[in-house]
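Keeping their order, the protein sequence lines are chains A and B. The opening residue of the first sequence carries number 6 in the working numbering; numbering runs sequentially from there. The opening residue of the second sequence carries number 17 in the working numbering; numbering runs sequentially from there. We put the CB at the ideal spot given by N, CA and C, even for glycine. Take a look at the structure below.
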Amino acid sequence: MNSLLLLFVALGVPTLGVLVYALVTGSPGLRRHVLTRVALTIPMILILATVVFVVLRVLPGDPVTSSLGPRGNPEVREAMRDQLGLDLPIWAQYGRYLGSLFTFDLGNALTSGRRPVAVELGERFPATIELIVPAAIVAVVGGILAGTLAGSRRKSATDYGLRMFSVAIYAMPVFWLGLILQLIFAVQLGWFPVAGRIDPIVSGSLERVTNLLVVDSLITGNWAALGSALRHLVLPAATLGLILLGVFLRLTRVNVIETLQEDYVAAARARGIKEGVIVYRHALRNAMIPVITFIGLQVAILLAGAVLTETVFSWPGVGRYLVERIGLRDYTAVQGVVAVFAIFVSMISLLVDVVYSIVDPRVRY
Amino acid sequence: MSGEILYSVRDLVVEYDTRTGPLRAVDGVSLDIRRGEILGLVGESGCGKSTLGKAMMRLLPRNARIAKGELLFDGQDLMSLSEEQMRHVRGGKIGMVFQDPMTSLNPVQRIIDHITETIKTHKPDASDDEARERAEFLVERLGIRKDRLDDYPHQLSGGMRQRVMIALALALNCDLVIADEPTTSLDVIVEAKFLDLLRDLRDEFNLTILMITHNIGVVAEVADRVAVMYAGEMAEVGDVHPVFAEPAHPYTEGLLKSVPNIALDEEELYQMKGGPPNLLHPPAGCRFNPRCPYVMDICVSQDPPMFPVHGGGGVAACWLRDPERKRSESD
């Protein structure tokens, strides 16, 4: 089976599970909300796919020029256009593209060996997942904990320090932060490798199952490979995670400050509840509700950040592939990546949205 | 009623920090609460009654502090307790019921969890079952079906939520309940039932209740004694009947006259002239003097002390009640 498809199955099963749970146990209102939400996802993906299609063709340059160079023989050029299907009228090309989306075969790439895009993404998507999952954990867990700390100690030195940190970290361009971390921790201190996913020497010994190297080395019990994969992961995941951490810190802080002023917090204090319990159980749980919604929105930013992070750290994921193929004007490859990103983002945001309506007892549709 | 004093506030001064300097929201207030009584604390918005209630639990907002005074609860000096010791007084010995039951319960926590959390905070070795049992006993006593314990606050009506707040105050057999405008957000019928319930609970659970309210009608209905605050100071304290029949302070008199009464055939409702003073620059002498219909020379220059009135322990801060003055007049 195509490993890209495998990945979507892996993500799709929990999404489906949550959807079914909401549909079975939910009120008629919740059911309607979930169904509408699912129905809206499809036009959303179509609109995105269309926008990419148009933008690519409006951009100067085309795959033929990028392969043959500007002074290519006109006959060869013509033959290549024929071969790639670029001689077809634009609506026919559009039809072909949409067709390839629905069959989940994303067509063949137009450059570099003309391999099926689904296969190429299948090889690279696990690398991106392996990067963004720890990054998201760094951002969400770190941001929420630091934000709670700052919010519960408002106007203290801790609060000011964390706020300055969050602005600084958020204002930094991803690639620049990546370069600085490389310079300090890889080049100067030598704690972590500069780039790549795994040491080439141990790489050969690792049997590939899911192409998620950490998972594969755990399954096969290859501890050398696990160590190497983890060490390679630290800097890129920290780079990508830190950028988003600032946002989560800010958002959590504001929400914690707000909930700490709620009457039920004053009432809990009047009952002698410990301050720590008040902050972490009463205030944080309520403050988390808008933060959870925000996680869904941030997945898109995470993927965008992955594009730059992968480029800086030579991480063989979808982001780097996208940058490379945009340069080659490989229409099908770029369209494929964007479509996959769109499906991925909308699935996560759907998941978050439904989880949110289950978590907050007050949300009743 | 034994008349034993449960909570004694002595010369309490509470200051808020404001941009223009410290504001004394409570300025030298003394108040004794007797065990077993319901004491109504009345006054206009901003007179410091809620601040006094919060100060009594040492639960002031960050920009406020107790500048002076003593808080003696059941023989214990609360000002000398550490924050941790004070935490055990709150909820364990003194319970508080807030104005808005709609917002005083955590929206994502079930009712039962509010109660068990409170019990386990003060009795760490209580089991879940014991806590649940206590919670069921309390809510059923308050007229809520015990299966509602598993509901979230938004599934309960306002009156039910206010009864849950009471259940929380009773969870650990508190001696004193400070109820800060507990009926303001309830409709009249629910309010009347709630006040009846409070009286019953007082007898049943040996409670002492400090009822903070701006509604003098609530005091008339439920309280044994009444304390009237004006502009951060205590104006008059005494048993409800003499105070209502024969108010010793012109401010109390004004408050009582401002209550609409269908039985009386008056065309217009009495309105006190003026408004409460700016506490950043309170008037010299008696703070009520700019609004007082009986203002005398001494009122503008000297702050009146508390004079005994009505015989039975009533006091009023008004020069009209100065026994010296009476004597000099009769001379």
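### Task
Note down, in chain order, all residues in the segment 140-164 of chain A with a beta-carbon under 8 Å from any beta-carbon belonging to chain B.
Result list empty, no residue passes.
### Query
Taking the runs of the alpha helix (DSSP H) that are 4 residues or longer, which of them lie wholly in the segment 156-210 of chain A?
Qualifying alpha helix (DSSP H) stretches, in chain order: 162-176, 179-186 and 205-208.
### Query
Quick one: what does DSSP say residue 66/A is sitting in, helix, strand or coil?
The residue given as residue 66/A occupies position 61 in the first sequence. Coil, per DSSP.
### Query
What does a CB cutoff of less than 8 Å around residue 190/B pick up in its chain, not counting 5 residues either side in sequence?
Looking up residue 190/B in the second sequence gives position 174. Same-chain partners within the cutoff: 107, 108, 109, 110, 111 and 223.
### Message
Taking 8 Å as the cut-off, does the segment 70-89 of chain B touch the segment 293-305 of chain B (at least 3 CB pairs, one atom from each stretch)?
### Response
The segment 293-305 of chain B, when compared against the segment 70-89 of chain B, does not touch it at the 8 Å Cβ threshold.
### Query
Hey, does residue 269/A have any beta-carbon neighbour from chain B nearer than 9 Å?
The sequence position of residue 269/A within the first sequence is 264, counting from 1. Yes - at least one Cβ of chain B is within 9 Å of the one on residue 269/A.
### Query
Of all the options 210/A, 191/A, 299/A and 232/A, which has the alpha carbon lying nearest to the alpha carbon of residue 255/A?
For the purposes of this step, residue 255/A is identified with residue 250 of the first sequence, where counting begins at 1. Taking the Cα of residue 255/A as reference, the smallest distance to any Cα among 210/A, 191/A, 299/A and 232/A is reached at 299/A.
### Message
I'd like the list of long-range same chain contacts for residue 20/B, defined as Cβ closer than 7 Å, with 5 residues on each side in sequence excluded.
### Response
Locating residue 20/B in the second sequence gives position 4, counting from the first residue. 50 and 51, listed in sequence order.
### Query
In the DSSP assignment, what residue or residues form a beta bridge with residue 244/B?
Taking the second sequence and counting its residues from 1, the one referred to as residue 244/B is at position 228. Its beta-bridge partners are 58/B and 252/B.
### Task
For the segment 258-287 of chain B, list the alpha helix (DSSP H) runs that are entirely contained and at least 4 residues long, ordered along the chain.
Along the length of the segment 258-287 of chain B, whole alpha helix (DSSP H) runs at least 4 residues long occupy 266-273, reported in chain order.
### Query
Name the chain B residues whose beta carbon is nearer than 8 Å to that of residue 277/A?
Translated into positions along the first sequence, residue 277/A becomes position 272. Residues of chain B passing the Cβ test: 103, 104, 105, 106, 107, 108, 134, 137 and 138.
### Other residues of its chain near residue 221/B: CB distance less than 8 Å, five sequence neighbours each side excluded
To locate residue 221/B, count along the second sequence from 1; it is residue 205. Excluding sequence neighbours, residue 221/B sits near 186 and 189.
### Interfacial residues, the segment 176-199 of chain B to chain A, with Cβ spacing under 7 Å
Under the 7 Å Cβ criterion, the segment 176-199 of chain B contributes 184.
### Supposed close pair residue 201/B, residue 174/B - CB separation, criterion 8 Å
For the purposes of this step, residue 201/B is identified with residue 185 of the second sequence, where counting begins at 1. For the purposes of this step, residue 174/B is identified with residue 158 of the second sequence, where counting begins at 1. Correct: roughly 6 Å between the Cβ atoms.
#### Entry: Residue environment, residue 96/A, which counts as buried when at least 16 other CB atoms sit within 10 Å
Here residue 96/A refers to the residue found at position 91 of the first sequence. Classification for residue 96/A: exposed.
### Query
By DSSP, does residue 318/A sit in helix, in strand, or in coil?
Working through the first sequence from its first residue, we reach residue 318/A at position 313. Note: residue 318/A maps to coil in three-state DSSP.
### Task
Could you tell me the distance, in whole angstroms, from the CA atom of residue 255/B to the CA atom of residue 330/B?
By one-based count along the second sequence, residue 255/B stands at place 239. By one-based count along the second sequence, residue 330/B stands at place 314. For residue 255/B and residue 330/B, the distance between alpha carbons rounds to 7 Å.
### Query
Any idea what DSSP makes of residue 34/A, helix, strand or coil?
Position 29 of the first sequence, counted from the start, is the residue given in the question as residue 34/A. Judged by DSSP in its simplified three-state form, residue 34/A adopts helix.
### Task
Report the residue from 327/B, 85/B and 277/B whose alpha carbon sits nearest the alpha carbon of residue 253/B.
To locate residue 253/B, count along the second sequence from 1; it is residue 237. Cα-wise, what sits closest to residue 253/B is 327/B.
### Task
Whole angstroms is fine: what's the gap from residue 177/B's alpha carbon to residue 118/B's?
One-based indexing of the second sequence puts residue 177/B at position 161. One-based indexing of the second sequence puts residue 118/B at position 102. Cα to Cα, the separation comes out at about 7 Å.
### Task
Give the C-beta separation of residue 241/A and residue 318/A to the nearest angstrom, bearing in mind that I take them to be a contact with Cβ-Cβ under 8 Å.
Counting from one through the first sequence, the residue named residue 241/A turns up at place 236. Counting from one through the first sequence, the residue named residue 318/A turns up at place 313. Rounded to whole angstroms, the Cβ separation of residue 241/A and residue 318/A is 4 Å, and the two are in contact under 8 Å.
### Task
Measure the C-alpha to C-alpha separation of residue 293/B and residue 148/B and round it to an integer number of angstroms.
In the second sequence, the residue the question calls residue 293/B occupies position 277. In the second sequence, the residue the question calls residue 148/B occupies position 132. Those two C-alpha atoms are separated by around 49 Å.
### Task
Pull up the distance between the alpha-carbon of residue 22/A and that of residue 292/A, whole angstroms please.
Within the first sequence, residue 22/A is the residue found at index 17, counting from 1. Within the first sequence, residue 292/A is the residue found at index 287, counting from 1. Taking the straight line joining both Cα atoms gives about 26 Å.
### Task
Give the single residue among 357/A, 362/A and 349/A whose Cα lies nearest to the Cα of residue 13/A.
Here residue 13/A refers to the residue found at position 8 when the first sequence is read from its first residue. For the set 357/A, 362/A and 349/A, the Cα lying nearest the Cα of residue 13/A is the one of 349/A.
### N- and C-terminal bounds of the beta strand (DSSP E) containing residue 38/B
Taking the first residue of the second sequence as position 1, residue 38/B is located at position 22. It spans 37-50 - the beta strand (DSSP E) in which residue 38/B sits, taken as one unbroken run.
### Task
Check whether the Cβ of residue 119/B lies closer than 9 Å to any Cβ atom in chain A.
Counting from one through the second sequence, the residue named residue 119/B turns up at place 103. By this cut-off, residue 119/B is an interface position.
### Query
Is residue 79/B near the ligand NAP, judged by its Cβ being under 8 Å from some heavy atom?
For the ligand NAP, the structure offers nothing, since it holds no ligand at all.
### Message
Does residue 198/A pass the burial test, meaning 16 or more other C-beta atoms within 10 Å, or should it be called exposed?
### Response
To locate residue 198/A, count along the first sequence from 1; it is residue 193. Buried.
### Task
Kindly confirm or deny that the segment 181-200 of chain A and the segment 279-298 of chain A touch, where touching means at least three C-beta pairs closer than 8 Å.
Taking a contact to require three or more Cβ pairs closer than 8 Å, the segment 181-200 of chain A and the segment 279-298 of chain A do not qualify as touching.
### Query
Under a CB-based cut-off of 9 Å, is residue 272/A close to chain B?
For the purposes of this step, residue 272/A is identified with residue 267 of the first sequence, where counting begins at 1. So yes, residue 272/A belongs to the interface.
### Task
Classify residue 344/A as buried or exposed, calling it buried when 16 or more other Cβ atoms lie within 10 Å of its own Cβ.
The residue given as residue 344/A occupies position 339 in the first sequence. Buried, by the Cβ-count rule.
### Task
State the DSSP-derived secondary structure class of residue 348/B, mapped to helix, strand or coil.
The question about residue 348/B has no answer here: the residues shown for chain B are numbered 17 through 347.
### Query
Using a beta-carbon distance below 9 Å, is residue 62/A in contact with chain B?
In the first sequence, residue 62/A corresponds to position 57, counting from 1. Using beta-carbon distances, residue 62/A does not count as an interface residue toward chain B, since no partner is under 9 Å.
### Query
Rounded to a whole number of angstroms, what is the C-alpha to C-alpha distance between residue 53/A and residue 105/A?
Here the question's residue 53/A lines up with position 48 in the first sequence. Here the question's residue 105/A lines up with position 100 in the first sequence. Their backbone Cα atoms lie some 15 Å apart in a straight line.
### Task
Please list the residues of the segment 238-261 of chain A that have a C-beta atom closer than 7 Å to any C-beta atom in chain B, keeping them in chain order.
Residues: none.
### Query
Out of curiosity, what's the CA-to-CA distance linking residue 26/A and residue 41/A?
For the purposes of this step, residue 26/A is taken as residue 21 along the first sequence, with counting starting at 1. For the purposes of this step, residue 41/A is taken as residue 36 along the first sequence, with counting starting at 1. Distance between the alpha carbons of residue 26/A and residue 41/A: 16 Å.
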